[in-house]
Structure formats: C-alpha cells, structure tokens
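Scroll down for the structure; my scribbles are underneath it.
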Amino acid sequence: MAMIFVGGSRDIFELPEPVIARIGAMIAAEHGVLVGDAPGADAEAQSLLAGYGYEHVGVFHAGSEPRNNLGDWAAYHRPAPGGAHGYAFHAEKDREMARRADYGLMVWDGASPGTCLNMLRLAAAGSPCVVYDTMRSATFTLRNVPDWHEMLRNAGRDLVGRIEARMTAEERDLAKGR
1 MAMIFVGGSR
11 DIFELPEPVI
21 ARIGAMIAAE
31 HGVLVGDAPG
41 ADAEAQSLLA
51 GYGYEHVGVF
61 HAGSEPRNNL
71 GDWAAYHRPA
81 PGGAHGYAFH
91 AEKDREMARR
101 ADYGLMVWDG
111 ASPGTCLNML
121 RLAAAGSPCV
131 VYDTMRSATF
141 TLRNVPDWHE
151 MLRNAGRDLV
161 GRIEARMTAE
171 ERDLAKGR
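1 is the number of the first residue of the sequence shown in UniProt numbering; add one for each residue after it.
Now the structure itself:
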C-alpha cells in the first residue's frame with residue numbers, strides 16, 4: 001500500500017473536480033492517506049474521505065488534539081519545538097508526513113508558502129507530487145527539486161520571500177540541491 005500525503009492551502013474550501021477524482025482513485029487502489037488537521041484543503045480532503053467511509057487515513061497534528069479529524073481516524077501527534085508559534089507550530093507534522101509519504105497530492109492556491117514547502121519536501125525526498133494549482137486550473141507533477149524551482153519560476157518575489165522565511169537551514173540546502 002502506497003502512502004500519499006494529501007494537503008493544501010488553508011484558503012481552499014472546495015476541492016476541484018480533478019482532485020476529487022484523484023482521491024477517488026486513491027480510495028479505489030486502497031492507498032494510505034496522510035493528512036493534516038488544518039482547516040481548508042486538509043479538512044475538505046478529510047470530509048471527502050469520511051464521506052466515502054474510507055479507513056486507511058492517518059491525521060497528523062501538532063496541538064494536543066487534532067483540530068479536525070472528521071473520520072475519527074488514527075491521530076499522530078507531532079509536537080512543535082518549544083516556543084514555536086504560527087506556521088512553525090505546525091511545520092513538524094508536515095515534515096513528518098513528507099518523510100513517510102511515497103507520493104503527494106497538493107491543492108495549491110498559488111500563494112500558500114506552507115503548501116509550497118511541502119512540495120519541496122516531497123520533491124527532495126524523491127516522492128512524486130501531483131499539484132493542482134487552483135489559480136491556474138492546472139495540474140502538474142513535481143518529481144525533483146529542479147521541477148519545484150521551475151514551478152516557482154514565475155512566482156512573485158513576495159511569495160518566494162515568504163517561502164524562504166519559513167525554511168529551516170536543512171530546507172534551504174534542499175532547495176539549493178545540496
């Protein structure tokens with residue numbers, strides 16, 4: 001059974017049809033799903049999976065309890081480093097899902113630095129990641145770090161700066177191909 005990290009932007013509150021179809025294919029193939037507990041794309045994916053009664057799901061969370069666990073699935077607590085707030089509070093659970101995943105499915109609004117970092121983590125690990133870009137209504141696959149850079153080629157300086165501000169030193173090295 002392949003493990004697939006499903007995630008995306010917190011500002012996405014309706015999954016696009018191509019993403020719904022891919023999740024349906026994952027269910028049909030009985031793949032395992034790793035998903036976060038955030039509102040937005042995570043909760044929408046959970047809602048779809050719960051609606052199918054799908055059982056092969058693990059929910060990762062940083063807080064003492066998941067913010068969302070709509071299918072009452074196994075929950076995996078990945079505590080944040082001491083003193084972490086905001087994005088940094090939830091980043092370790094995302095890193096853990098990327099480490100465990102064989103593949104990724106990300107729903108990106110073209111602006112979320114956290115989703116973009118998850119794509120980098122998957123690409124650097126050699127785990128292919130299908131990305132649905134809601135801003136462009138386009139689907140593409142990242143297989144490696146050069147693919148990730150190509151995806152960001154037309155990104156604004158503001159987005160690139162927000163991504164870089166959230167990177168650990170290790171993630172900066174990954175982005176540089178080290």
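Glycine included, every Cβ here is placed at the ideal spot set by N, Cα and C.
Computed from a prediction, not measured in an experiment: that's the story for all the values here.
Thinking residue i and residue j are a contact (beta carbons under 8 Å), I'd like their distance in whole angstroms, please.
| i | j | result |
| --- | --- | --- |
| Y87 | R10 | Not a contact, Cβ separation roughly 10 Å. |
| Y76 | F89 | No, Y76 and F89 are not in contact; Cβ-Cβ is about 16 Å, not under 8 Å. |
Where does residue i land, buried or exposed, given buried means 16+ other C-beta within 10 angstroms?
| i | result |
| --- | --- |
| residue 233 | The shown model of the chain, from 1 to 178, leaves out residue 233, and the question about it has no answer. |
| S64 | exposed |
| N68 | buried |
| S112 | buried |
| P79 | exposed |
Below 8 Å CB to CB, which residues in the same chain sit around residue i once its five sequence neighbours on both sides are set aside?
| i | result |
| --- | --- |
| A50 | L70 and G71 |
| M119 | G104, M106, W108, C129, V131, L142, W148 and M151 |
| R162 | P113 |
| A74 | V57, G58 and V59 |
| Y54 | I27, V33 and G71 |
Which residue comes first and which comes last in the beta strand (DSSP E) that contains residue i?
| i | result |
| --- | --- |
| A74 | A74 to H77 |
| L105 | Y103 to W108 |
| L142 | A138 to L142 |
What residue range does the alpha helix (DSSP H) around residue i cover?
| i | result |
| --- | --- |
| F89 | Y87 to R100 |
| T115 | P113 to A124 |
| H149 | V145 to M151 |
Whose C-beta lies closer than 7 Å to the C-beta of residue i among residues of the same chain, with five residues either side of it excluded?
| i | result |
| --- | --- |
| S100 | Per the sequence shown, the amino acid found at residue 100 is Arg instead of Ser. Hits under 7 Å: M3 and L34. |
Excluding the five sequence neighbours on either side, which residues of its own chain have a C-beta within less than 6 Å of the C-beta of residue i, listed in chain order?
| i | result |
| --- | --- |
| P44 | According to the sequence as given, residue 44 is Glu; it is not Pro. Here the set comprises L15. |
| L122 | A98, G104 and C129 |
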